[in-house]
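Engineer: Residue numbers (this note's numbering): 93 to 313. Here it is, the structure in full.
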Amino acid sequence: MALHDGRTTGVANALCRSVFNVAPFQGTLLPGESKELRLTFSPDHASSQYGAEARIILAHTSVHWRAEVKGACFPSSVYVLGGDSPPTHDEHALPLDETGLDDSAGRDAAKPLLLTFEARHGGAVSRHITIGCVKPALKKAGNAVFQLDSVQAALKAGFSFEPAKGSVEAGTERSVTVTWNPAAIGDVSSSCEEDVVLSTKGDVAARWRLLLRGFVSVSDA
Numbered sequence: 093m094a095l096h097d098g099r100t101t102g103v104a105n106a107l108c109r110s111v112f113n114v115a116p117f118q119g120t121l122l123p124g125e126s127k128e129l130r131l132t133f134s135p136d137h138a139s140s141q142y143g144a145e146a147r148i149i150l151a152h153t154s155v156h157w158r159a160e161v162k163g164a165c166f167p168s169s170v171y172v173l174g175g176d177s178p179p180t181h182d183e184h185a186l187p188l189d190e191t192g193l194d195d196s197a198g199r200d201a202a203k204p205l206l207l208t209f210e211a212r213h214g215g216a217v218s219r220h221i222t223i224g225c226v227k228p229a230l231k232k233a234g235n236a237v238f239q240l241d242s243v244q245a246a247l248k249a250g251f252s253f254e255p256a257k258g259s260v261e262a263g264t265e266r267s268v269t270v271t272w273n274p275a276a277i278g279d280v281s282s283s284c285e286e287d288v289v290l291s292t293k294g295d296v297a298a299r300w301r302l303l304l305r306g307f308v309s310v311s312d313a
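Here is the structure:
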């Protein structure tokens, strides 16, 4: 039995070092035996798009097994996924010096996250973002908290947020639903552009700037 490296299916390490490693790399199995393989993830920069294909080949046979492995690495314990912007190698919010969650002065320093809403015939449409909290392997895990700030203008434009604030347990993710309903404000013919701030706090405080862009479509396609 031998393990063979397959093609990279996602982001690779910048320093040409393998992202995923398996031990043992090869071995022999007697009838009735089994072997545990340990997969190690060793990223060298932040990204949620690491991926590779691994193959296990049984010697002297045509039997093989393929698996796609994926990994994510974040610079802090809290991460946010979703939106229309394509993911990049630095897809994380900029750490801030502030420790509070209710200060919106850092709007320009926050990472933008675009959410586009196409309301068919003026009906309500929802989008989702995911807020996660990494559970560290070598130290005690701490929960994360999040809060949407500067939402007044967005609420008047027909947007709603559920939940608008909350907590995320370490090792889990939580979905936030953003809904745009132009009919709720009596206007099903225009577009709108609003921004809100998503503040998070785990091991560091950070902000994302949610760019909400809504337009009404009369097409059924």
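Ideal Cβ placement from N, Cα and C applies to all residues, glycine included. Values in this document were obtained by computation on a predicted structure and should not be read as measured data.
Tell me whether the beta-carbon of Ala246 lies closer than 7 Å to the beta-carbon of Leu304.
Structural biologist: Closer than 7 Å, so yes.
Engineer: How far does the alpha helix (DSSP H) with Ser248 in it extend, from its first residue to its last?
Structural biologist: The displayed chain sequence assigns Lys, not Ser, to residue 248. Segment 244-248, the alpha helix (DSSP H) holding Lys248.
Engineer: Which of the three DSSP states is assigned to Ala298 in this structure?
Structural biologist: Correct three-state label for Ala298: strand.
Engineer: Where do the N-terminal and C-terminal ends of the beta strand (DSSP E) with Asp287 fall, by residue?
Structural biologist: Its beta strand (DSSP E) spans residues 284-293.
Engineer: Shortest alpha-carbon distance to His213 belongs to which of Asp279, Val111, Cys284, Val289?
Structural biologist: Ranking Asp279, Val111, Cys284, Val289 by Cα distance to His213 puts Asp279 first.
Engineer: Give the DSSP-derived three-state secondary structure of Pro167 in the structure shown.
Structural biologist: Coil, per DSSP.
Engineer: For Glu285, which residues of its own chain have a beta-carbon under 6 Å away from its beta-carbon, when the five flanking residues on both sides are left out?
Structural biologist: Within the same chain, Glu285 has close Cβ partners Arg305.
Engineer: Pop quiz: Asp176 and Leu150 are said to be a contact at Cβ under 8 Å. What is the actual Cβ separation, rounded to whole angstroms?
Structural biologist: Not really, about 44 Å apart at Cβ, beyond 8 Å.
Engineer: Of the choices Arg299, Val268, Val308, whose alpha-carbon is the least far from that of Pro274?
Structural biologist: Of the candidates Arg299, Val268, Val308, the one whose C-alpha sits nearest the C-alpha of Pro274 is Val308.
Engineer: Between the beta-carbon of Asn235 and the beta-carbon of Ser267, is there less than 7 Å?
Structural biologist: No, Cβ-Cβ distance for Asn235 and Ser267 is not below 7 Å.
Engineer: Going along the chain, which residues of its own chain have a beta-carbon closer than 6 Å to the beta-carbon of Leu107, five neighbours each way excluded?
Structural biologist: Within the same chain, Leu107 has close Cβ partners Asp136.
Engineer: Using only CA atoms, which one of Tyr142, Glu160, Pro116 lies nearest to Arg109?
Structural biologist: Out of Tyr142, Glu160, Pro116, Tyr142 has the C-alpha closest to the C-alpha of Arg109.
Engineer: Whose C-beta lies closer than 8 Å to the C-beta of Asn105 among residues of the same chain, with five residues either side of it excluded?
Structural biologist: Answer for Asn105: Val111, Ser134, Pro135, Asp136, His137, listed in chain order.
Engineer: Assign Ala276 to one of three DSSP states: helix, strand, or coil.
Structural biologist: Here Ala276 sits in helix by DSSP.
Engineer: Quick one, which of Val310, Gly124, Lys227, Ala297 has its alpha-carbon nearest Lys203's?
Structural biologist: For Lys203, the nearest C-alpha among the options comes from Ala297.
Engineer: Which residues in the same chain have their Cβ closer than 7 Å to the Cβ of Leu302, if we skip the five residues on either side of it in sequence?
Structural biologist: Leu205, Leu207, Asp287, Val288, Leu290, listed in sequence order.
Engineer: Where does Thr191 land, buried or exposed, given buried means 16+ other C-beta within 10 angstroms?
Structural biologist: Note that Thr191 scores a pLDDT of 35, beneath 50, so its modelled location is shaky and nothing firm can be said.
Engineer: Taking the beta carbon of Thr222 as the centre, do at least 16 other beta carbons fall within 10 Å, making it buried, or is it exposed?
Structural biologist: Looking at its Cβ environment, which holds fewer than 16 other Cβ atoms inside 10 Å, Thr222 is exposed.
Engineer: Does Glu261 pass the burial test, meaning 16 or more other C-beta atoms within 10 Å, or should it be called exposed?
Structural biologist: When all chains shown are included, Glu261 counts as exposed.
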